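Below: the structure, in structure tokens.
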Amino acid sequence: MVQKLKIAAAGLGRMGARHAINFLHRTPRAELVAAFTPDPKELAWARTNLEPHGVTLYTDYDEMIKQEGLQAVVIGTATSVHAEEAIKAMHQGLHVLCEKPLSTSIPVCKQVLDEALKHPHLKVMCGFSRRFDESYRDAWEKMDRGLIGRPTIIRSQTCDKHDPSGFFVEYAAWSGGVFVDMSVHDIDLALWFFGDDIQVKSVSAYGVRAVQPELAKYNDYDNAMGIVEFWNGRVANFYCSRMMAHGQEDVTEIIGTEGKLTVNGLAKNHGEIHFQHSFLHHRQLHTQAPDIRRLVDIVIEKEDVNIAADATDSLVTLSKGDMRRALNVLQACHASSTPLHLPGQAPAEGSKIDRDLITNETIFDCIAAPHPADIATIRDTLLSNPDVT
6 MVQKLKIAAA
16 GLGRMGARHA
26 INFLHRTPRA
36 ELVAAFTPDP
46 KELAWARTNL
56 EPHGVTLYTD
66 YDEMIKQEGL
76 QAVVIGTATS
86 VHAEEAIKAM
96 HQGLHVLCEK
106 PLSTSIPVCK
116 QVLDEALKHP
126 HLKVMCGFSR
136 RFDESYRDAW
146 EKMDRGLIGR
156 PTIIRSQTCD
166 KHDPSGFFVE
176 YAAWSGGVFV
186 DMSVHDIDLA
196 LWFFGDDIQV
206 KSVSAYGVRA
216 VQPELAKYND
226 YDNAMGIVEF
236 WNGRVANFYC
246 SRMMAHGQED
256 VTEIIGTEGK
266 LTVNGLAKNH
276 GEIHFQHSFL
286 HHRQLHTQAP
296 DIRRLVDIVI
306 EKEDVNIAAD
316 ATDSLVTLSK
326 GDMRRALNVL
336 QACHASSTPL
346 HLPGQAPAEG
356 SKIDRDLITN
366 ETIFDCIAAP
376 HPADIATIRD
386 TLLSNPDVT
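Counting from 6, one number per residue, gives the positions in the sequence shown under our numbering.
And the structure:
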């Protein structure tokens, strides 16, 4: 008999419902036994789509994680409660796969990490599904073999189909902004492809509101671009958009000294690899919920991993702080997407920033709804910049 992992789904919104369906129909070694949502519409959906399959429904998260026999929980609720729910699940002895981001606050992310370190027998993961995508994995392996020389430039984008319903305007109230919600995948890929020891030198970012001007009240954008310069002579360019008329379009290019790798997430699902004297085109292998399957396999096979799969395996390694590192870059992108020309100082190329202008108030002006605990950290980071005088 196939051993199955008994899993609960927390949150049945856009991503949570997708996870639940994947558990039921596309993950043979998982058994969805419980689901939680406080939302009446989501609950109605669950009564039709989950309850007939024997899934117990809850409107109280704390009650759900106490269900007898439950082994793991996948968290797809609002970002604001990800960390709290992950920690509660660990206290109940449950394995955790949490949707990104763990939090929009770096100190809160660290709380989850610290709690996970107290439970080394549990697998606590933040799912970055692209690391499991066969095309991205194939590109990483080719890069690791040196086929494109030294990877120097990464261009990566996450672009959603335009949704005129207003959902993403409302969502911006708690999402953390387009960089945190969308570009987190691309930034994670840059950290993966460029290596664990990569250090950020500078960040700049720009945004526009082309189709959803209402985002202004949340200091958010429907199109944004960030450029990150690293100390070892590498650069990453990130683009995110919510206005694609034709649909989802996620593309990543890794440009090296001797070639280029392209992973293209369009409808045809293909990758392109360009070498100095050759061209190779390959199909992307179709995958379904690879991060979910990886969690199930790790738990059932009792793999010896340190909190999560290591950096070359494809879940974010909380023990190495990848989620916090990505969030650091994201917050810098959001801070500079004003761009960060502090009040009272005209922007000028090569100009220095007056440290007297770096105050809590100006940081609040530049970042959408920053977590209070982050203000001191952001201020100290800005003041330590060599361009601050």
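A virtual CB, placed ideally from N, CA and C, is assigned to each residue, including glycine.
These numbers come from a predicted model, not from an experiment.
Alpha carbon of residue i to alpha carbon of residue j, nearest angstrom
i	j	result
A22	T262	43 Å
E120	K166	37 Å
L99	A77	5 Å
V256	S140	11 Å
H96	F199	35 Å
G238	E89	38 Å
M20	E146	29 Å
G171	I111	29 Å
K9	T32	9 Å
I203	T53	48 Å
A49	Q217	30 Å
L220	Y176	10 Å
K222	Q116	30 Å
I70	G81	14 Å
D44	M148	45 Å
N228	E234	20 Å
P156	Q162	17 Å
C164	N224	19 Å
Cβ separation of residue i and residue j, assumed to be a contact under 8 Å, to the nearest whole Å
i	j	result
A83	Y63	No, A83 and Y63 are not in contact; Cβ-Cβ is about 16 Å, not under 8 Å.
L107	C114	5 Å
F133	K105	6 Å
K11	L75	6 Å
L37	F28	4 Å
I158	I260	4 Å
K93	D67	7 Å
V185	T109	6 Å
G231	F243	4 Å
Beta-carbon proximity check, residue i vs residue j, cutoff 9 Å
i	j	result
C103	S188	no
T42	A51	yes
V86	M130	no
R160	A241	yes
V60	H24	no
M249	A215	no
E254	V268	no
A13	Q72	yes
W236	K265	no
R135	L194	yes
Requested in this report: State whether the region 204 to 218 contacts the region 143 to 157, with contact taken as three or more CB pairs (one from each stretch) at a distance under 8 Å.
Outcome: no
Query raised in the report: Three or more C-beta pairs closer than 8 Å, one from the region 168 to 182 and one from the region 124 to 132: is that the case here?
Result: In short, these stretches do not touch, since the Cβ pair count stays below three.
**Report entry** Within the region 148 to 195, ranges of the alpha helix (DSSP H) (whole runs, at least 4 residues)
**Finding:** 172 to 180
Query raised in the report: Taking only runs of the beta strand (DSSP E) that begin and end inside the region 38 to 91, which ones reach a length of at least 3 residues, in chain order?
Result: Runs of the beta strand (DSSP E) inside the region 38 to 91: 61 to 63, 77 to 80.
**Report entry** Ranges of the alpha helix (DSSP H) found wholly within the region 186 to 249, counting only runs of at least 4
**Finding:** 189 to 199
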